[in-house]
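Asker:
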Amino acid sequence: AQKVTQTQTSISVVEKTTVTMDCVYETRDSSYFLFWYKQTASGEIVFLIRQDSYKKENATVGHYSLNFQKPKSSIGLIITATQIEDSAVYFCAMREGAEGADRLTFGKGTQLIIQP
Amino acid sequence: GPKVLQIPSHQIIDMGQMVTLNCDPVSNHLYFYWYKQILGQQMEFLVNFYNGKVMEKSKLFKDQFSVERPDGSYFTLKIQPTALEDSAVYFCASSSHRGNQDTQYFGPGTRLLVL
Numbered sequence: 031a032q033k034v035t036q037t038q039t040s041i042s043v044v045e046k047t048t049v050t051m052d053c054v055y056e057t058r059d060s061s062y063f064l065f066w067y068k069q070t071a072s073g074e075i076v077f078l079i080r081q082d083s084y085k086k087e088n089a090t091v092g093h094y095s096l097n098f099q100k101p102k103s104s105i106g107l108i109i110t111a112t113q114i115e116d117s118a119v120y121f122c123a124m125r126e127g128a129e130g131a132d133r134l135t136f137g138k139g140t141q142l143i144i145q146p
Numbered sequence: 016g017p018k019v020l021q022i023p024s025h026q027i028i029d030m031g032q033m034v035t036l037n038c039d040p041v042s043n044h045l046y047f048y049w050y051k052q053i054l055g056q057q058m059e060f061l062v063n064f065y066n067g068k069v070m071e072k073s074k075l076f077k078d079q080f081s082v083e084r085p086d087g088s089y090f091t092l093k094i095q096p097t098a099l100e101d102s103a104v105y106f107c108a109s110s111s112h113r114g115n116q117d118t119q120y121f122g123p124g125t126r127l128l129v130l
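Take a look at the structure:
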């Protein structure tokens, strides 16, 4: 069974700095897909970025980038030049590549607090 | 990004009653999902749905749960009868393709409280 683990419960950083959030996963599949979502204070869930397991290059979208270390089953999220509005709970999720296996498995989330 | 809408945003009902949660998925999406989030925890998959059929469901998708999307209208999650442990936030998601073709986009959730 697939499993996603986020060990950091909460991180607090000063605005305009860079933060990294960790995520490790377990899967038996050779093909899988990794996602990061954030959940705002209002509860809204926003898709941020994804990494397909067969791609060697780390994904980058705006000020979000991923540190994909396949041998370590690790997919860290890096946020550069953080802003107050980046304060949220960040969830890592995985989807396995087998036919019919479209469910997302989520980690428990990391609360990010951006301080002025 | 693509928007998924959910109605109502909050619902309070008495245990044993029926409740229907409504989801308006992204217009060109064909695959639909429900997830459940208990306060302070991660979202957990309930069910996915395509072409009028349940494709996959988890252990959380009890016999009291059902889903449908009649005639391209709302994608609904019905719970009948409700139980106290059904209190949670229910998120609907949709995607345009299966497998590796697309990303699931989430609605804002319906906060269900069963008394």
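Here the protein sequences line up with chains H and U, keeping their order. First residue of the first sequence? That's 31 in my numbering, and the numbers climb one at a time after it. First residue of the second sequence? That's 16 in my numbering, and the numbers climb one at a time after it. Yeah, the Cβ is synthetic: ideal placement off N, Cα and C, and Gly gets one too. Since the model is a prediction, treat every value here as computed from it, not as a measurement.
Are any of the Cβ atoms in chain U nearer than 8 Å to that of R133(H)?
Answerer: Yes, R133(H) lies at the interface with chain U (some Cβ there is under 8 Å from its Cβ).
Asker: Does the beta carbon of E71(U) come closer than 8 Å to any beta carbon on chain H?
Answerer: Judged by the 8 Å Cβ criterion, E71(U) is in contact with chain H.
Asker: Please state whether DSSP places G106(H) in a helix, a strand or coil.
Answerer: Reduced to three states, the DSSP call for G106(H) is strand.
Asker: Put S111(U) into one of helix, strand or coil per three-state DSSP.
Answerer: S111(U) falls in the coil class under three-state DSSP.
Asker: So, at 8 Å on beta carbons, what are the nonlocal neighbours of S117(H) in its own chain, with the 5 sequence-adjacent residues on each side left out?
Answerer: So the qualifying residues of the chain are A71, L142, I143 and I144.
Asker: Counting only the same chain and skipping the five closest in sequence on each side, list residues whose C-beta sits under 8 Å from that of S73(U).
Answerer: Closer than 8 Å at the Cβ level, and outside the excluded window around S73(U), lie E59, F60, L61 and V62.
Asker: If I measure Cβ to Cβ from I22(U) and keep anything under 6 Å in the same chain, skipping five residues before and after, which residues do I get?
Answerer: Closer than 6 Å at Cβ, skipping near neighbours: N37.
Asker: DSSP three-state label for T50(H), please.
Answerer: Three-state DSSP puts T50(H) in a strand.
Asker: Within its chain, find whatever has a CB closer than 7 Å to the CB of S102(U); leave out the 5 residues flanking it on each side and keep chain order.
Answerer: So the qualifying residues of the chain are L127, L128 and V129.
Asker: Let me see if you follow: with CB-CB separation under 8 Å, is F98(H) close to chain U or not?
Answerer: No, F98(H) does not count as interfacial toward chain U.
Asker: Going along the chain, which residues of the region 92-107 of chain U sit with their C-beta nearer than 8 Å to a C-beta in chain H?
Answerer: Within the region 92-107 of chain U, the qualifying residues are V104 and F106.
Asker: Distance check for V44(H) and G130(H), CA to CA, integer angstroms please.
Answerer: Confidence at G130(H) is low in this model, with a pLDDT of 49, below 50, so the placement of that residue is unreliable and no value is reported for it.
Asker: Going straight from the alpha carbon of K93(U) to that of G124(U), what length do you get?
Answerer: If I take the Cα positions, the gap works out to 15 Å.
Asker: Name, please, each residue of chain H whose Cβ falls closer than 9 Å to the Cβ of G124(U).
Answerer: Chain H residues near G124(U): G73, E74 and I75.
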